[in-house]
Amino acid sequence: MARLPLALFRVGLGRVFGRRVLLLHHEGRTTGLDRTVALEVVAYDREGGSWTLASGFGPKADWYLNLRMMPTTVVQSGSRHFAVTAHFLTAEEGGEAMVRYAAARPRTARRLCSFMGFGIDGSPGSYRRAGREIPFVRLDAGPGQRLP
0 MARLPLALFR
10 VGLGRVFGRR
20 VLLLHHEGRT
30 TGLDRTVALE
40 VVAYDREGGS
50 WTLASGFGPK
60 ADWYLNLRMM
70 PTTVVQSGSR
80 HFAVTAHFLT
90 AEEGGEAMVR
100 YAAARPRTAR
110 RLCSFMGFGI
120 DGSPGSYRRA
130 GREIPFVRLD
140 AGPGQRLP
């Protein structure tokens, strides 16, 4: 199941995910090899030209560590590619991002927190506390790129 989104993007069907999933291209920090991973979009800001992602495997996820080493990369949203620069949210910004995400997608937010071992009671405060511990990344599209 984890490879299905990658396969769909590769055969030109990335648009079936709408704005909910994107394909992140990144360079391996130790190998230098091209890597790709399909990730859920926590927040999408068309006007601001950005996508926000959460690292469900914490700060040790390979894609997260790779972006830390090389924050300029490319994403695919639908059938379009965008040059982006990664900006790592502070703990406070992550807490607020998680509160907004939980309001928009309560079941998925609850599952993410449970998967990561955070006890939550469903309140904004509990999501804020969890979000302060979850690594969030905002990917900003380069100048002149119009998001879908």
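Under numbering that gives the first Met the number 0, the first residue of the sequence shown carries the number 0, and numbering increases by one thereafter. Even for Gly, the Cβ is constructed at its ideal location relative to N, Cα and C. The model shown is predicted, which means the values in this text are computed figures rather than measured ones.
Under the three-state DSSP convention, the category residue i falls into
i	result
F56	coil
D33	strand
D61	helix
V73	strand
Residue from the options with nearest C-alpha to residue i
i	options	result
R45	G27, A53, R18	R18
R79	L22, G118, P142	L22
R128	R137, F117, V136, F135	F117
S122	R99, S49, L3, D139	R99
G93	G48, L32, F8, Y126	Y126
Buried or exposed by the 16-neighbour rule on C-beta atoms within 10 Å, applied to residue i
i	result
S113	exposed
R110	exposed
Separation of residue j from residue i, as counted between CA atoms
i	j	result
D120	A101	12 Å
P142	P70	16 Å
V73	T35	10 Å
Contact belief for residue i with residue j at Cβ below 8 Å, rounded distance in angstroms
i	j	result
A108	A42	In fact, because the Cβ distance is near 12 Å, the residues do not count as touching under 8 Å.
Within-8 Å CB hit, residue i to chain D
i	result
F135	You won't find chain D in this structure, because it holds only one protein chain.
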